[in-house]
Every structure is written in structure tokens, then in C-alpha cells.
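Read in order, the letters of the sequence shown correspond to residues 1 to 200 in the UniProt record's numbering. Glycine residues also receive a C-beta, built at the ideal position from the N, C-alpha and C atoms.
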Amino acid sequence: MKNFYQSIYSRAAAPNQLPWHRETIPPHLAAAVAQQTPGRVLDIGCGTGVYATYLAELGWNVTALDFVPTALNMAQERANEKGVIINFVEGDILEWPGDGKFELILDLGCFHGFVNNQRQVYKQRLLNWLAPQGKFVLTHFVRRSILDWRPVGPRRRTRTEINRFFAPELVERSYWDNVMSATLPVGPTVKIGYYLFDLV
């Protein structure tokens with residue numbers, strides 16, 4: 001998987017040439033930071049650093065993790081342009097040993113890549129790293145029907161499946177979704193779910 005993403009990043013001369021790049025801040029992330037005093041935040045799969053720099057500008061102490069060196073280089077350039085300090089870490093979320101507790105953890109594009117035991121490892125790491133009453137922000141592709149599948153691209157899961165997987169420790173507090181156009185074979189459209197969870 002790392003080689004796949006590295007090859008895509010290496011062909012992009014700028015972040016806006018990446019198929020998943022978005023400059024807008026999604027509603028669940030804005031809602032999460034509106035409810036909290038800035039503390040420590042972990043950005044899983046930070047990519048080009050859009051959300052990491054957004055949070056750093058708001059006063060958060062940001063650790064941004066990605067396993068693609070080119071992505072981290074782009075993210076560091078963005079942080080430099082914004083004049084913020086971010087702890088960028090090259091690593092795989094399933095192997096990274098962690099760095100203490102975080103009041104907020106966000107994943108806006110990683111979890112849909114995991115299967116079976118990888119998902120269980122991922123969840124346990126979240127629970128180990130979230131501070132008491134911490135919040136988890138997740139973006140995931142939504143499965144709209146039994147026919148909503150593709151042989152390639154991100155895995156899709158229903159809202160019920162997502163909530164059942166993260167229960168009972170993580171409880172959904174807010175949810176939004178929207179339908180976006182996408183290129184084939186992933187598209188022609190995809191439904192994106194935006195989740196805000198509380199650790200209970």
C-alpha cells in the first residue's frame with residue numbers, strides 16, 4: 001500500500017493534483033475543535049497537511065503521521081508557509097509506538113484501507129492514545145446498498161457498521177454525510193460519512 005501511495009504522490013507536482021486533496025475543513029472537524037480547548041492532537045495519515053496546519057493555527061499541539069515521505073515533505077512546506085510548528089512523523093499507524101495521550105485524534109482517510117485484524121489493531125491504538133473524554137474524528141466512505149461496491153478503491157461501510165465496530169468505548173455524537181462525484185472505477189459518485197465520536 002505504501003508504494004501505491006508513494007507512486008501517486010511522486011507524480012503530483014503540487015497537492016492540488018492529488019485526487020483526494022481538499023482545502024475545505026469538514027464539518028465534523030470544525031465541530032470537534034469548537035467544543036474543546038486546544039491540547040494535543042494526532043492527525044493519522046496527514047497527507048499534505050491541510051488539517052494539521054489548520055489545527056496548529058488554532059493553537060493545537062499537532063503530531064502529524066504519514067507513511068509517505070513525499071506527503072510529509074508537502075505537509076512541511078505548507079506548515080512553513082503558514083508559519084506553524086508541527087511534529088511530523090514518518091510511520092505506519094499499525095506499527096508506530098505512539099507518543100502519549102491526545103485530546104483529539106483525527107483520521108480523514110486511513111481507516112477505509114484496513115481489513116480484519118488490522119482494524120482491531122487500529123481500534124486498540126486509538127483507545128490507548130485517546131485522553132479521558134477525548135474525541136475521535138473519522139471520515140469514511142458509506143455503503144449505500146448491497147450493490148454499492150467496487151473491486152478497487154476505498155472500502156465502504158454503513159453508518160451502523162462503523163458505530164458497531166467502535167462501540168462501546170467510542171460513542172457517536174455527531175454525523176454528517178454528502179454525495180460527491182468521483183472518477184471511475186471508484187465512482188461515478190461516492191457517499192462520504194463524517195463522524196464525531198466521544199471516548200466514554
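Cβ-Cβ separation between PHE141 and GLU172: approximately 17 Å, too far for a contact (criterion under 8 Å). The criterion of a C-beta distance shorter than 7 Å is satisfied by PRO27 and TYR194. Between GLY109 and GLY49, the C-beta gap is not smaller than 7 Å, which leaves the two residues out of contact.
Nearest to MET74 by alpha-carbon distance, out of TRP129, LEU94, THR53, SER174, is THR53. If you compare the alpha carbons of ASP92, TYR51, GLY83 with that of PRO69, the shortest gap goes to ASP92.
Each of PHE136, LEU42, ARG164 was checked against the Cα of LEU65, and the nearest Cα belongs to LEU42.
The C-beta of THR63 has 16 or more other C-beta atoms within 10 Å across all chains shown, which makes the residue buried. The three-state secondary structure of PRO168, taken from DSSP, is coil.
Here DSSP, grouped into helix, strand and coil, assigns PRO38 to coil. Here GLY134 is actually not in contact with PHE166; their C-beta atoms are around 13 Å apart, not less than 8 Å.
GLU77 sits in a helix when the DSSP states are folded into three classes. The Cβ-Cβ distance between ARG143 and THR158 falls below 7 Å. Counting of Cβ neighbours within 10 angstroms places VAL33 among the buried residues, the total reaching 16 or more. VAL121 and LEU94 have their C-alpha atoms roughly 7 Å apart. In this structure, ILE192 places its C-beta atom within 7 Å of the C-beta atom of ASN178.
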